[in-house]
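Peer 1:
Number of protein chains: 2
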Amino acid sequence: MAERLYLFDTTLRDGAQTPGVDFSVEDKILITQLVEKLGIDYVEGGWPGANPVDSEFFAKKRTKTSRFTAFGMTRRPGRSVSNDPGLAAVLDAAVDAVCLVAKSWDFHVKVALGTTLEENLTGIRDSVEAVVACGREAMIDCEHFFDGYKANREHALDCARTAYEAGARWVVLCDTNGGTLPHEISEIVSDVTNVVPGDHLGIHAHDDTCHAVANSLAAVEAGVRQIQGTLNGLGERCGNANLVTLVATLKLKPWYAERFEIGVSDAQLKQLTAISHHFDEILNRAPNRQAPYVGQSAFATKAGLHASAIVKDPTTYEHVDPELVGNRRRVLVSDQAGRSNLLAELERLGIGVQKDDPRLPRLLDEVKRREAEGYAYEAADASFELLARRLLGHVPAFFHVDSFRVMVERRHNAMGDLVTVSEAVVKVTVDGERLMSVGEGNGPVNALDMALRKDLGRFQAHIEDLELVDYKVRILNGGTSATTRVLIESRDGEGNRWSTVGVSPNIVDASFQALVDSITFKLLCSGVAASPEDRPRKLASV
Amino acid sequence: MAERLYLFDTTLRDGAQTPGVDFSVEDKILITQLVEKLGIDYVEGGWPGANPVDSEFFAKKRTKTSRFTAFGMTRRPGRSVSNDPGLAAVLDAAVDAVCLVAKSWDFHVKVALGTTLEENLTGIRDSVEAVVACGREAMIDCEHFFDGYKANREHALDCARTAYEAGARWVVLCDTNGGTLPHEISEIVSDVTNVVPGDHLGIHAHDDTCHAVANSLAAVEAGVRQIQGTLNGLGERCGNANLVTLVATLKLKPWYAERFEIGVSDAQLKQLTAISHHFDEILNRAPNRQAPYVGQSAFATKAGLHASAIVKDPTTYEHVDPELVGNRRRVLVSDQAGRSNLLAELERLGIGVQKDDPRLPRLLDEVKRREAEGYAYEAADASFELLARRLLGHVPAFFHVDSFRVMVERRHNAMGDLVTVSEAVVKVTVDGERLMSVGEGNGPVNALDMALRKDLGRFQAHIEDLELVDYKVRILNGGTSATTRVLIESRDGEGNRWSTVGVSPNIVDASFQALVDSITFKLLCSGVAASPEDRPRKLASV
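Chains as they are written, first to last, in the UniProt record's numbering: chain A, 1 to 542; chain B, 1 to 542.
#1: Once the 5 residues before and after Asp381/A are set aside, which same chain residues still bring their CB inside 7 Å of it?
#2: Classify Thr69/B: buried if its beta carbon has 16 or more other beta carbons within 10 angstroms, exposed otherwise.
#3: Does Lys103/A come out as helix, strand or coil in the three-state DSSP assignment?
#4: Answer yes if the segment 361-374 of chain A comes into contact with the segment 420-429 of chain A, meaning at least three C-beta pairs across the two stretches below 8 Å, and no otherwise.
#5: Using three-state DSSP, classify Pro254/A as helix, strand or coil.
#6: In the DSSP output, what is Leu12/A paired with across the bridge?
#7: Reducing DSSP to helix, strand and coil, say where Met450/B ends up.
#8: Based on the DSSP output, what are the partners of Asp141/B in its beta bridges?
#9: Taking Cβ positions only, does Asn327/B come closer than 7 Å to chain A?
#10: Can you tell me whether Gln354/A is buried or exposed, with buried defined as 16 or more other CB within 10 angstroms of its CB?
#11: State buried or exposed for Met1/A, treating a residue as buried only when at least 16 other CB atoms are found within 10 Å of its CB.
#12: Taking Cβ to Cβ, would you say Gly178/A is nearer than 7 Å to His319/B?
#13: Got a sec: is the Cβ-Cβ distance from Cys159/A to anything in chain B below 7 Å?
#14: Examine chain B for any beta-carbon lying closer than 7 Å to the beta-carbon of Tyr6/A, and answer yes or no.
#15: DSSP state of Ser499/B, grouped into three classes?
#16: Give the residues from the segment 314-325 of chain A that approach chain B closer than 8 Å (Cβ to any Cβ), ordered along the chain.
#17: How would you call Gly78/A, buried or exposed, if buried means at least 16 neighbouring beta carbons within 10 angstroms?
#18: Which runs of the alpha helix (DSSP H) at least 4 residues long sit entirely within the segment 71-125 of chain B? Give them in chain order.
#19: Pairing CB atoms from the segment 73-88 of chain B with CB atoms from the segment 121-136 of chain B, are three or more of them under 8 Å?
#20: Is the separation between the beta-carbon of Ala379/B and that of Leu231/B shorter than 7 Å?
#21: For a cutoff of 7 Å on Cβ pairs, would you count Asp14/A as touching chain B?
#22: In terms of alpha-carbon separation, which member of His200/A, Ala300/A, Ser24/A lies closest to Glu165/A?
#23: So with Cβ pairs under 7 Å, would you call Met415/B a contact of chain A?
#24: The alpha helix (DSSP H) spanning Leu30/B covers which residue range?
#25: Within its chain, find whatever has a CB closer than 8 Å to the CB of Gly263/A; leave out the 5 residues flanking it on each side and keep chain order.
#26: I want to verify the contact list: residues of chain A whose CB lies under 7 Å from the CB of Lys472/B, in sequence order.
#27: Identify the continuous beta strand (DSSP E) that holds Phe459/A and give its terminal residues.
#28: Under DSSP, the beta strand (DSSP E) around Gln228/B begins and ends at which residues?
#29: Between the alpha carbons of Asp158/A and Thr116/A, how many angstroms are there, rounded?
#30: Looking at the structure shown, is Phe398/B part of a helix, part of a strand, or coil, going by DSSP?
#31: Just how far apart, CA to CA, sit Asp96/A and Glu137/A?
#32: At the level of alpha carbons, what is the spacing between Gly20/A and Tyr375/B?
#33: In whole angstroms, what separates the C-alpha of Val192/A from that of Glu236/B?
#34: Which residues in chain B have a C-beta closer than 7 Å to the C-beta of Ala210/A? List them in chain order.
#35: State yes or no: is the beta carbon of Met436/A nearer than 7 Å to at least one beta carbon in chain B?
#36: Can you pull the chain A neighbours of Pro197/B, defined as C-beta to C-beta under 7 Å?
In C-alpha cells:
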C-alpha cells in the first residue's frame, strides 16, 4: 500500500530570496499556475505584510487545486498573538494553510530573539494554536533544525514536539545553512520520529554541499512525508531542493514509486520539461542545459557510438525514458518522436491535419531550424500557431510593414537638460493603401510599438484593446553582438492572453517580429477561420 | 587512524566528452597543472591513439606530482593483447597508470561486443596483466557496473574479481547511465567488497538524478577508497561528480576529515575557488554563481537581517568558513544594507574611510535609492565602486559624452532585400577636445558600443583590449514602458573581469550607462589612485 508523500513549493517565498529575483504580482500568478499544473500539493506564495507585492498577492486565493499557503514568523517574544501585527497580517490572508518559521537552535533563540528557551516554546505553541483557531492548516518551519539539534538536541526536539502537540499538521525540519550530510539527516530524522510521527514531518533542504535532493530523499527514507523545494532549485546561495528533479525521481525510480504516491499524475509528469523551461522564461534566464531529466542535454548521446544500441533498447543507455518527463532523446536516428509531438500540439490548437500529411516534416524541420536560431516556441504559443497555420494553411496578410525607422537620441534640450528621446516611424500597407505613422516612447521598442499600432486602417478597431503586459529580452551566446530573443505577452479586453517571440541579433528587429506576430494573431482570432478544415478557434482565456 | 582516500580527475577524458568542449594540447597542459595544483592524485589525460590531440599529449609525461594516467579499452574480443593496436597505443604512452574500460553488463557483452561472458572475463584478465607487465599501475573501469549488477549480479562481480586477481591496483565501479540511487550504491558496493577489498575499489558517478556527489560519498562510506570526478563537474548529459565540491566536503566536514586523508593540503584547499574559476576561464564559460563552496553566491547573505549576527559568530549562518576554500562572505550591498556591511565592502575595495564618516549615510541612501530604481549592485561590483569613489573621493572625469544618437532602420536595400541596419553617432569631449565617432553594429547597443570605444583620444590605448563578454537585459515591472536594467560584464587582456549596471526605461540609455561605467572603471584601474587615503588598487584577478 503506497503512502502519500506531499510536495510543497516555496519558489515564491524562499526561492524569491535569490539575489536578482524580483517577482511581480503577475509573475506570482503565472508561477502559481505552473506549480499547480505540475500537481504540487502546497504553494507557499510569500509573506503577506512583508512587502506590497506579497500583500497584494494574498488579497485573494490564487490556487484552485493546490493548498494556498502563507509564510510568516511565530509571534514575537514578549507579545501576545493578538498584539503582533506581523502575525495578524499572515492570519488574515485568504489561504488554506499558514507556515510559520520558528527558531529551533538555542543560540538563535538567545542571541537573535533575545529570549529564553521556554518562551520560545510558548511562542511556538501560541502561534500554532492561533493558526488552528483561524481554521487554517498549521505548519511550523523549524529553522536551523539540524544545527540546532547538534547544539542542543533537547531544545530542538522540544520545538518539534511542541508544534505537533499544539496542533500543527506539519513540522518541517529545515537545513537552513545547507551543511548537513545525508547520513546525519537520516539519524536525526529517525530520532525526531520518536516525538513527531513521520506523517507529520517535512524536510526543507538547501544545496550548499550539493545534497539538497539527496537529503530530501534521505529524510523521506527516515520517515518524513512532506518535501519542500522550488522549481528548478531556485534559491539563494546554492539554491533549494529542486522539485523538478525530485518529482521525476519519485515517479520514475521504482524504489520510491512503489512505496509512495505523490500528487503528480503521469500526464502531469509529461509536462515537467515544459514547466521547467517555462519557469526559466519567467525568470528570464537561460535554462540549465544539463539539468537532470529536463535539461536539453540530459538525454543527449553522442550518436554514432550508441545509436544502434539505443534503437534496439534505450534502457541500455538511458536511466529513464525521456518522454515520460516530456523531454526527448537527442540522437540523430529518427524524427518519429518529433512528429508525434507536433501532431499532438496541432491537435491541441484545433488545427486539423492527417498524420501522414507531407507538410508535417516540413513544419517539423522549420520548427527545429528556428529553435536552433533561438526561437522558443514552448513559451510563445501564438507565434507557433501562426507558423503552423502559415505552413499548413494560410494566414491572411492583414497588413504589410514596408519599413520602419527607430531613433534614440541623447542630447540637451532647449532648457539645457540632458534628455533621451525615442521616436519611431512605421510605414504599412493596408488594403493597398500606404499608411505612415510616427510614435514616441520611453525607449526604442515602446516607440516602435506606439507607431505600429497607431493606424492600421480598417483593423484599428480590433486592436484598440490590445495591451502589452510583459516584455522579456534574453541575449543568447553573450556579448553585444549575439542573438537576442524577445518574448512578448499580450492581452485584450476580454482577458485573453497570448505570447509571441522574435529573434534577431538586433533587439529592435526581434521586438518588431514579436509585435507583428502579436497583432496578426489578434486579428486572426477576431476574424473568420483561415481554412475549411480548421475549427473556428477562440483564444483560451487565462 | 585516518585512511587514505584517492582522488582521480577525468576532466580531460570523460569531461572532454561534453558537447561543445574541445581541448587543445595547450588546454590539456594548463588543466593538468590546475588539477595537480589542487593536489589530486591521478590525472587521466585522455585516450592516446584515439585522436591526434591525445596522442600528442601523451608523447611525454605531463605531471610532476600526480600520477599521469592514460585511458583505453580492454583488448578487443577475439584478439590477443599484442594484436590490438588500440591497446598497444595506450600501453606505449609515457604514463604512470593505465585505466581500461571493460564491459560489466551482460547485455553489453553480448550485444555491443558480440562475445561471451567468459571471453569478456578473459579479455579483462589479459588486459590487466599486459598493463602490469609494462610496469604501469593498472585500473579497470567497470562500465555500467550498477545496472550490470542488477541485471546479472554474478557476471558483474566476476568482472570485478577477475580484474583484481589479475593484478589491478584499482577496480572502478562506474554508474555510467547515472541513474543509480545512494542506497543502491551502498548495498551494491558492500556486496562487491566481498570479492574486492575496499582499498582497491573506486567509484565513478554521474549526475543524472543529481546524486553524483552523494553516490560518490555513499560508496566511500561503503568502503571504496578512490573517487573519480571532474573539475566543476564537467561532463556530458548532466555532468560528472564534481571534484571541487567533493574536495571541500572531504576536507571540511568532520565525519570525513576525521576518517580520511586526501592528497589536498589546507593550503591547496584555499586555492579551490581560484582553481574552479580559472577552469571556467579556460572553458570560456560563465562560472556557476551558485556552485557549492566556490560560487560567487555560495556565501552571499541578504544583509540587514543577519549582518549583526554574522559579525558576532559566522557559524550561525554559514556551514563552513568561506576563507578555507578561498571564497569570501558576501554581505550583499542591497537595500537592506546597514552601515557595517557598507564599511566591510568599502574596506574590501581598498577605499579607506572612518566608520563615522558623515558621507557614509549619504552613500547608503544613494545605494538604496538607486536599488529601488532597479540598479543591482550585488551583480555590478565596478559600478558600485565607482559610485562609492565618486561620493567619498573623486573619480577623474576621463571623458565626457556630450550626446549620442542611435538609429535602427528596416528597409529595402538597393538589391530589393529587406535589411535592418543599426548606426550610432557619439560625441565626446576628451581633454577639452571634441571627438565624434560613428559606428555600426548588429543592433542599437552594439552600434553604440562600437562608436563609444572608437576614439577616446589619449585613453584609446588603455581600452583597446577591453572586451564585452556578457550582456544581460532585464525588464522590471513588465510591458514595453517599464524600467530596463542592463548588466554588462567586461574583460581585459590580463584576464581581469568586472561588471557594470545601467537602469533606464530606455534600453539604449541603460546600456549606455553600463558601457560608460565599464570604460571609466577600466581607466580608473589603469591609472593612479584617486585620493590620498585610498590605497592604489589592482583589479582583483579571477
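Glycine included, C-beta positions come from ideal geometry on N, C-alpha and C.
Peer 2: Once the coordinates are examined:
#1: The count along the first sequence starts at 1 and reaches residue 381/A at position 381. Only Trp498, Ser499 meet the Cβ criterion.
#2: Reading the second sequence from its first residue, position 69 is the one you call residue 69/B. Buried.
#3: Counting from 1 along the first sequence, the entry for residue 103/A is found at position 103. DSSP, read as helix, strand or coil, puts Lys103/A in strand.
#4: A contact is defined here as three or more CB-CB pairs under 8 Å, and the segment 420-429 of chain A fails this definition with respect to the segment 361-374 of chain A.
#5: Taking the first sequence and counting its residues from 1, the one referred to as residue 254/A is at position 254. Three-state result, Pro254/A: helix.
#6: To locate residue 12/A, count along the first sequence from 1; it is residue 12. Paired residue(s): none; Leu12/A is not in a bridge.
#7: The sequence position of residue 450/B within the second sequence is 450, counting from 1. In the structure shown, Met450/B sits in a helix (DSSP, three-state: H, G or I).
#8: As a working mapping, residue 141/B is identified with position 141 in the second sequence. According to the DSSP secondary-structure assignment, Asp141/B is paired through a beta bridge with Val101/B, Val172/B.
#9: Position 327 of the second sequence, counted from the start, is the residue given in the question as residue 327/B. No, because no Cβ of chain A sits closer than 7 Å to the Cβ of Asn327/B.
#10: To locate residue 354/A, count along the first sequence from 1; it is residue 354. Classification of Gln354/A: exposed, given that the 10 Å Cβ count is below 16.
#11: On the first sequence, residue 1/A is found 1 positions in, with the first residue counted as 1. Met1/A is exposed by the Cβ-count criterion.
#12: The residue labelled residue 178/A in the question sits at position 178 within the first sequence. The residue labelled residue 319/B in the question sits at position 319 within the second sequence. Yes. Within cutoff.
#13: The sequence position of residue 159/A within the first sequence is 159, counting from 1. Residue-level contact by beta carbon fails for Cys159/A and chain B, as no gap is shorter than 7 Å.
#14: Against the first sequence, residue 6/A aligns to sequence position 6. Chain B contact via Cβ: absent.
#15: Taking the first residue of the second sequence as position 1, residue 499/B is located at position 499. Here DSSP, grouped into helix, strand and coil, assigns Ser499/B to strand.
#16: Flagged, chain order: Thr316, Tyr317, Glu318, His319, Val320.
#17: The residue labelled residue 78/A in the question sits at position 78 within the first sequence. It counts as exposed.
#18: Those alpha helix (DSSP H) runs which fall completely within the segment 71-125 of chain B and span 4+ residues are 85-92.
#19: The answer is yes - the segment 121-136 of chain B touches the segment 73-88 of chain B, with three or more Cβ pairs under 8 Å.
#20: Here residue 379/B is taken as the residue at index 379 of the second sequence, counted from 1. Here residue 231/B is taken as the residue at index 231 of the second sequence, counted from 1. Between Ala379/B and Leu231/B, the C-beta gap is not smaller than 7 Å, which leaves the two residues out of contact.
#21: One-based indexing of the first sequence puts residue 14/A at position 14. Taking CB atoms only, Asp14/A has no neighbour in chain B less than 7 Å away.
#22: Translated into positions along the first sequence, residue 165/A becomes position 165. Minimum Cα distance to Glu165/A is reached at His200/A.
#23: To locate residue 415/B, count along the second sequence from 1; it is residue 415. Residue-level contact by beta carbon fails for Met415/B and chain A, as no gap is shorter than 7 Å.
#24: Start at 1 with the first residue of the second sequence, and residue 30/B comes out as number 30. Judged by DSSP secondary structure, Leu30/B falls within the alpha helix (DSSP H) whose first and last residues are 25-38.
#25: To locate residue 263/A, count along the first sequence from 1; it is residue 263. Hits under 8 Å: Tyr6, Leu7, Gly39, Ile40, Asp41.
#26: For this step, residue 472/B is matched to residue 472 along the second sequence. Here the neighbours are Ile475.
#27: Translated into positions along the first sequence, residue 459/A becomes position 459. Per DSSP, Phe459/A belongs to no beta strand (DSSP E) and is neither H nor E.
#28: If you number the second sequence from 1, residue 228/B lands on position 228. DSSP places Gln228/B inside the beta strand (DSSP E), whose first and last residues are 226-229.
#29: Along the first sequence, read from residue 1 onward, the residue named residue 158/A stands at position 158. Along the first sequence, read from residue 1 onward, the residue named residue 116/A stands at position 116. Each residue's alpha carbon lies about 13 Å from the other.
#30: As a working note, residue 398/B is residue 398 in the second sequence. Correct three-state label for Phe398/B: coil.
#31: Position 96 of the first sequence, counted from the first residue, corresponds to residue 96/A. Position 137 of the first sequence, counted from the first residue, corresponds to residue 137/A. Answer to the nearest angstrom: the Cα atoms are 6 Å apart.
#32: Taking the first residue of the first sequence as 1, we reach residue 20/A at position 20. Taking the first residue of the second sequence as 1, we reach residue 375/B at position 375. In a straight line, the C-alpha of Gly20/A is about 10 Å away from that of Tyr375/B.
#33: Position 192 of the first sequence, counted from the start, is the residue given in the question as residue 192/A. Position 236 of the second sequence, counted from the start, is the residue given in the question as residue 236/B. CA-to-CA, the gap between Val192/A and Glu236/B works out to about 40 Å.
#34: Start at 1 with the first residue of the first sequence, and residue 210/A comes out as number 210. It is worth fixing the name first, because residue 210/A is Cys in this sequence and not Ala. Here the neighbours are Val213, Asn242, Thr245, Pro292.
#35: For this step, residue 436/A is matched to residue 436 along the first sequence. Any Cβ of chain B closer than 7 Å to the Cβ of Met436/A would place that residue at the interface, and such an atom is absent.
#36: What you label residue 197/B is simply residue 197 of the second sequence in a count that begins at 1. Simply none; closest approach about 22 Å.
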